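For the sequence shown, my numbering begins at 2 and goes up steadily by one. To start, the structure under review is shown below, and the notes come after it.
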Amino acid sequence: MEKTYERRQFCREVIKGSATGLIITLVGVLIFALAIDLFGISDAAIMPINQVIKSVSVFCGCLFAVRGEKGFLKGLFIGVIFSVLTILIFGLISGKVTFSGVAIDLVCAAVMGMISGAIVVNLPFKN
Numbered sequence: 002m003e004k005t006y007e008r009r010q011f012c013r014e015v016i017k018g019s020a021t022g023l024i025i026t027l028v029g030v031l032i033f034a035l036a037i038d039l040f041g042i043s044d045a046a047i048m049p050i051n052q053v054i055k056s057v058s059v060f061c062g063c064l065f066a067v068r069g070e071k072g073f074l075k076g077l078f079i080g081v082i083f084s085v086l087t088i089l090i091f092g093l094i095s096g097k098v099t100f101s102g103v104a105i106d107l108v109c110a111a112v113m114g115m116i117s118g119a120i121v122v123n124l125p126f127k128n
């Protein structure tokens, strides 16, 4: 009985963190698109800034959702699910799904999730 509750709680935290990260990314990308239009940001800056937006989103997703133990593992799952969802959603928005940078996005999100999860569970105000 206890294992079932722990699994549900684990899944709940991962889904909540992934959804939070996705919402933050959508808002961040919209604001960034507006900034590109207003200030004429160069094309060379787009990819690094998008990675920063995604990294901040994964961290915020972990900060908002991860509690208790296994922050490293929860963060990993949040990062991977977040990455898959962003690839699919932005592919649907653009009308085409490209797999050119999928591996890099997936690895970056997974690593950022692991680091974020480990940091978040060790914050004094989270426990």
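Ideal Cβ placement from N, Cα and C applies to all residues, glycine included. Keep in mind that this is a model prediction, so the values were computed, not measured.
Three-state secondary structure assigned by DSSP to threonine 99: coil
Anticipated Cβ contact below 8 Å, isoleucine 79 with glycine 18, distance rounded: 4 Å
Glutamate 70: first and last residue of the uninterrupted alpha helix (DSSP H) it sits in: That residue, glutamate 70, is in no alpha helix (DSSP H); it is neither H nor E in DSSP.
Which listed residue (Lys97, Glu7, Thr26, Ala34) has its alpha carbon closest to that of alanine 110: Thr26
8 Å contact criterion, which glutamate 3 and arginine 68 should meet: CB distance rounded: Not really, about 16 Å apart at Cβ, beyond 8 Å.
Residue span of the alpha helix (DSSP H) that contains phenylalanine 11, given as start and end: 3 to 40
The stretch 47 to 63 / the stretch 103 to 119 touching (three or more Cβ pairs under 8 Å): yes
Beta carbon of lysine 97 nearer than 9 Å to that of phenylalanine 11: Not in contact: lysine 97 and phenylalanine 11 (Cβ atoms no closer than 9 Å).
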